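Quick note, the sequences are listed as chains E and U, same order.
Be aware that the first sequence starts at 1, since it is given in full-length UniProt numbering, and climbs by one per residue.
Be aware that the second sequence starts at 1, since it is given in full-length UniProt numbering, and climbs by one per residue.
Cβ coordinates follow ideal geometry from the N, Cα and C atoms, glycine included.
Here the structure is a predicted model, which means the values were calculated and not measured.
Okay, so here's the structure we're looking at.
There are 2 protein chains.
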Amino acid sequence: MTVASALHTSELVGRFSKPQGFGDATLRSPRTDSIELLGGIPDPEVLPVAELTAATERVLLRSGVPALQYSRTEGITELREWIAAREGVSADRIIVTNGGFHGLSLAIQALINPGDLVAVDNPIFPLFLRGLELATTNILPVPVGAAGLDVDALEGQLRAGVRPKALYTVPDFHNPTQGSLSRPDRQRLVELAAQYGFVLLADNPYRELYFGTESASYREFNDSENVIHINTFTKTLGPGLRLGWLVVPNWLRSDISALRSRQDSHSSTLIQSIVAEALTHEETLFDATLDKARATYRNRAQVLATALETETQGALDIELPNGGLFLWPKIVSDRIDPQKLSESARSHGVDYQQGAFFPSGPGTEAARHLRLSFGHVSEENLKEGARRIGLAFKDQG
Amino acid sequence: MTVASALHTSELVGRFSKPQGFGDATLRSPRTDSIELLGGIPDPEVLPVAELTAATERVLLRSGVPALQYSRTEGITELREWIAAREGVSADRIIVTNGGFHGLSLAIQALINPGDLVAVDNPIFPLFLRGLELATTNILPVPVGAAGLDVDALEGQLRAGVRPKALYTVPDFHNPTQGSLSRPDRQRLVELAAQYGFVLLADNPYRELYFGTESASYREFNDSENVIHINTFTKTLGPGLRLGWLVVPNWLRSDISALRSRQDSHSSTLIQSIVAEALTHEETLFDATLDKARATYRNRAQVLATALETETQGALDIELPNGGLFLWPKIVSDRIDPQKLSESARSHGVDYQQGAFFPSGPGTEAARHLRLSFGHVSEENLKEGARRIGLAFKDQG
Chain E
1 MTVASALHTS
11 ELVGRFSKPQ
21 GFGDATLRSP
31 RTDSIELLGG
41 IPDPEVLPVA
51 ELTAATERVL
61 LRSGVPALQY
71 SRTEGITELR
81 EWIAAREGVS
91 ADRIIVTNGG
101 FHGLSLAIQA
111 LINPGDLVAV
121 DNPIFPLFLR
131 GLELATTNIL
141 PVPVGAAGLD
151 VDALEGQLRA
161 GVRPKALYTV
171 PDFHNPTQGS
181 LSRPDRQRLV
191 ELAAQYGFVL
201 LADNPYRELY
211 FGTESASYRE
221 FNDSENVIHI
231 NTFTKTLGPG
241 LRLGWLVVPN
251 WLRSDISALR
261 SRQDSHSSTL
271 IQSIVAEALT
281 HEETLFDATL
291 DKARATYRNR
301 AQVLATALET
311 ETQGALDIEL
321 PNGGLFLWPK
331 IVSDRIDPQK
341 LSESARSHGV
351 DYQQGAFFPS
361 GPGTEAARHL
371 RLSFGHVSEE
381 NLKEGARRIG
391 LAFKDQG
Chain U
1 MTVASALHTS
11 ELVGRFSKPQ
21 GFGDATLRSP
31 RTDSIELLGG
41 IPDPEVLPVA
51 ELTAATERVL
61 LRSGVPALQY
71 SRTEGITELR
81 EWIAAREGVS
91 ADRIIVTNGG
101 FHGLSLAIQA
111 LINPGDLVAV
121 DNPIFPLFLR
131 GLELATTNIL
141 PVPVGAAGLD
151 VDALEGQLRA
161 GVRPKALYTV
171 PDFHNPTQGS
181 LSRPDRQRLV
191 ELAAQYGFVL
201 LADNPYRELY
211 FGTESASYRE
221 FNDSENVIHI
231 NTFTKTLGPG
241 LRLGWLVVPN
251 WLRSDISALR
261 SRQDSHSSTL
271 IQSIVAEALT
281 HEETLFDATL
291 DKARATYRNR
301 AQVLATALET
311 ETQGALDIEL
321 PNGGLFLWPK
331 IVSDRIDPQK
341 LSESARSHGV
351 DYQQGAFFPS
361 GPGTEAARHL
371 RLSFGHVSEE
381 NLKEGARRIG
391 LAFKDQG
């Protein structure tokens, strides 16, 4: 076999960082009975599996089997119209994607030049920073507090003359910190974007998974020409579909399409057809699915929080989230080393994400937190996971 | 609504050309009874629809419904192993993609820097040039003859000191010219790639659709560290799946994965699971599907060629292809204007791709050709389409 010594990859892939921490498989417990509280994974029991199966049969029975043929870059009409009605925008502003992360990657590539500054959540969903490497690594971390992105801090930077090209934030049930932006802060963000000429990337995968009252409005995002609003069926109908959407401002529609058409043409017509058929065949399906999801995840959050209170005996400061798929408790005592705690927990057979994986810059207490996912974990295993975390604290204590 | 006057797209999307000709919807006949001989579309009757439906039911019944969950960037194990066995390589060299075009786009972005020279087929599958705009527009057109890429011409350029970073060609049933590279030419291409330090992008979507004897070996491609071998289920199981694969050289595996993971994470787990289940549940399914496809397309090629002979009364020089989904007849008389012929054909209710859309540089006779697709068109419509093309010739005559 020829040794390809003269061959080189592109500068683009040469610039990619080596992933560390978050998502690193070497940080998983080798125990086969390990309880994994790692990812934002929906529970299979909550997904409308029977309805998706029945929808598949129906779409594959259609004359000419259009679900197996090419379709438009922007997505099939039935799906775009369903999403558009839900978002309250015209269907030509909807671009169907292969999930939320794909939407982010398209937005990044359509907007950001090498070296451009991008303002980002701090702490942040770490995979965004990996996706951002498609264009730049030049970031402005903006603090995230109990009510989401600190808009005052952002405004201070903007007034001081800092000019990001875009701002990335998760407005509802922030990953990892679980806060949600208030309605006035949404309005201010959109106004700042218009005033200072940047694009807000509003990444909203958890929006529908509220436990109490509906999350704050997203009208502000969809009404602005300065926002790309990113969403996905990942947390509601299943990550394995790889199906999401963008609400794009009018001035970006054709450029995002041109980019998409040069990368992978369009999302699977079959997947789009199955989901559109399931959602339109039975009008109540999506909301019924969401109701079930909300009840399940609200209950699991409560079960995990209660079990952790008991098992760690006050070693964690736990705030119940109002939605989403994560708990973000803080280690109370400074004497506990979070890294050692995590290793000990792993040896006891429970894996979670260390808070230290989430800062995008200095100034956070994220390293003192644990990110615990509960969406796909049974009550029994949540209790057992909490017990094992309790054992880990005892080891450190 | 805010006017986003200060906002700009990235230089990347700003460099994209405005698509003209190939794939331009304005060139379609407004007649509703128009016969479309435009795209390389498989016949729905040939696709294993019932088997895909049954496979979907089975995968969605599995405990925990893994088909609806996240999976690995490179693809699910069952599918990679099935493909790897067919390609005769180890499974870790297989990267599952969202179809052949997606494989090309990943290869382009992983290898090519802005301004890099890329050698390409002339005439060429025009969408490749659009995908190449993700990295460069600097191309070296290499003539394609009756036996595929002219390897002598390429070697002459290389000896003269031209140094492309990559070479793009369709080795089997070339699109649009229908030739196939001989086995010695495949070997020479791979040797030239190693000698001169470029990567061969071997784009092989039609490989399995041979009408007579099997197409020439692809062993040369898979044995070389200088080749990315691109394939897809698009022409065999359906374009709407958006499912294909790359056979990548070992030195590129991790970089292609890193790129893919930053763009859309992974191909739909559900689509991968359905296809893997269908292909492995019944071992003979894929070959039986191919046998049916080959017989159907061979017959349709013959029907269309015969009808054109009759209807155009010698105005076209028609060569029967040995595989694939296209006829590439040449207009015999220089007095016929191909553009006017196409317009006239459109007014008679038949649409095809003008040969003029396919050159990547000067020196071809492509503009004197018609590219006629026959895969998804019934015998009756092929005959009627030929009759309408005959009428168009009479108009010009």
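Residue i vs residue j beta-carbon contact at 7 Å
| i | j | result |
| --- | --- | --- |
| E:L325 | E:Y352 | no |
| U:A67 | U:E81 | no |
| E:V247 | E:E87 | yes |
| E:N322 | E:G212 | yes |
| E:I41 | E:G385 | no |
| E:I393 | E:A315 | One detail in the question is off: residue 393 of chain E reads as Phe in this sequence, not Ile. Yes, the Cβ-Cβ distance between E:F393 and E:A315 is below 7 Å. |
| E:K330 | E:R368 | yes |
| U:S10 | E:I256 | no |
| E:P338 | E:Q354 | yes |
| E:V118 | E:A194 | no |
| E:A153 | E:P141 | no |
| E:Y70 | E:L209 | no |
| residue 401 of chain U | U:Q109 | Because chain U is modelled from 1 through 397, residue 401 of chain U falls outside the range shown and cannot be assessed. |
| E:L290 | E:L37 | no |
| U:G179 | U:A147 | yes |
| E:F16 | U:A160 | no |
| U:E379 | U:V303 | yes |
| U:R242 | E:S29 | no |
| E:R260 | E:T73 | yes |
| residue 400 of chain U | U:T136 | Here chain U has residues from 1 to 397 only, and residue 400 of chain U is not among them. |
Residue from the options with nearest C-alpha to residue i
| i | options | result |
| --- | --- | --- |
| E:L181 | E:P171, E:N175, E:L189 and E:R188 | E:P171 |
| E:V162 | E:G145, E:I139 and E:V248 | E:I139 |
| U:P44 | U:G14, U:H348, U:K383 and U:G240 | U:G240 |
| E:G390 | E:E51, E:R253 and E:S344 | E:S344 |
| E:E191 | E:R298, E:H281, E:G14 and E:V151 | E:V151 |
| residue 453 of chain U | U:L200, U:V59 and U:L154 | What the structure shows of chain U is the stretch from 1 to 397, and residue 453 of chain U is not part of that stretch, so it cannot be assessed. |
| E:T310 | E:R387, E:E380, E:L27 and E:L341 | E:R387 |
| E:E214 | E:A193, E:F173 and E:T177 | E:F173 |
| U:R186 | U:V227, U:H376 and U:A166 | U:V227 |
| E:R183 | E:E208, E:Y218 and E:A194 | E:Y218 |
| U:L60 | E:T56, E:V142, E:A6 and E:G397 | E:T56 |
| E:D24 | E:G14, E:G64 and E:G39 | E:G39 |
| U:T364 | U:S268, U:D121, U:A160 and U:W251 | U:D121 |
| E:L327 | E:A366, E:G361 and E:E155 | E:A366 |
| U:V350 | U:R335, U:S360 and U:L382 | U:L382 |
Boundaries (first-last residue) of the beta strand (DSSP E) holding residue i
| i | result |
| --- | --- |
| U:W245 | G244 to V247 |
| E:D223 | Careful: E:D223 lies outside any beta strand (DSSP E) and carries neither H nor E. |
| E:D24 | Premise fails: E:D24 is in no beta strand (DSSP E) and is neither H nor E. |
| E:A166 | A166 to T169 |
Contact belief for residue i with residue j at Cβ below 8 Å, rounded distance in angstroms
| i | j | result |
| --- | --- | --- |
| U:A293 | U:V46 | 5 Å |
| U:G75 | U:F101 | Contact flag wrong, Cβ pair sits at about 17 Å. |
| U:I83 | E:L270 | About 19 Å separates the two Cβ atoms, so there is no contact after all. |
| U:D116 | E:N98 | Contact flag wrong, Cβ pair sits at about 27 Å. |
| E:F22 | E:P126 | 4 Å |
| E:A305 | E:I318 | 5 Å |
| U:G244 | U:T232 | 3 Å |
| E:P123 | E:T177 | 6 Å |
| E:L52 | E:A278 | 5 Å |
| E:F358 | E:A301 | About 19 Å separates the two Cβ atoms, so there is no contact after all. |
Run of the alpha helix (DSSP H) containing residue i, from where it starts to where it stops
| i | result |
| --- | --- |
| U:H229 | Not the alpha helix (DSSP H): U:H229 falls in the beta strand (DSSP E), residues V227 to T232. |
| U:R183 | R183 to Y196 |
| E:V199 | Here E:V199 belongs to no alpha helix (DSSP H); instead the beta strand (DSSP E) covers V199 to D203. |
| E:G156 | V151 to R159 |
| U:Y297 | L285 to T312 |
| E:G14 | E11 to G14 |
Q) What runs of the beta strand (DSSP E), each 3 residues or longer, lie entirely inside the stretch 116-145 of chain U? A) Counting only runs of 3+ residues, the beta strand (DSSP E) found wholly inside the stretch 116-145 of chain U occupies 118-122 and 139-145, in chain order.
(Q) Runs of 3 residues minimum, wholly inside the stretch 76-119 of chain E: which ones carry the beta strand (DSSP E) assignment? (A) Segments of the beta strand (DSSP E) lying fully in the stretch 76-119 of chain E: 94-97.
Q) Quick one: complete alpha helix (DSSP H) runs, 4+ long, within the stretch 316-384 of chain E? A) 338-348
Q | Start-end ranges of the beta strand (DSSP E) lying completely within the stretch 32-79 of chain E, minimum 3 residues | A | Those beta strand (DSSP E) runs which fall completely within the stretch 32-79 of chain E and span 3+ residues are 35-37.
**Q.** Contiguous alpha helix (DSSP H) assignments of at least 4 residues, all confined to the stretch 250-281 of chain U
**A.** Within the stretch 250-281 of chain U, the complete alpha helix (DSSP H) segments of 4 residues or longer fall at 253-263 and 269-281, listed in chain order.
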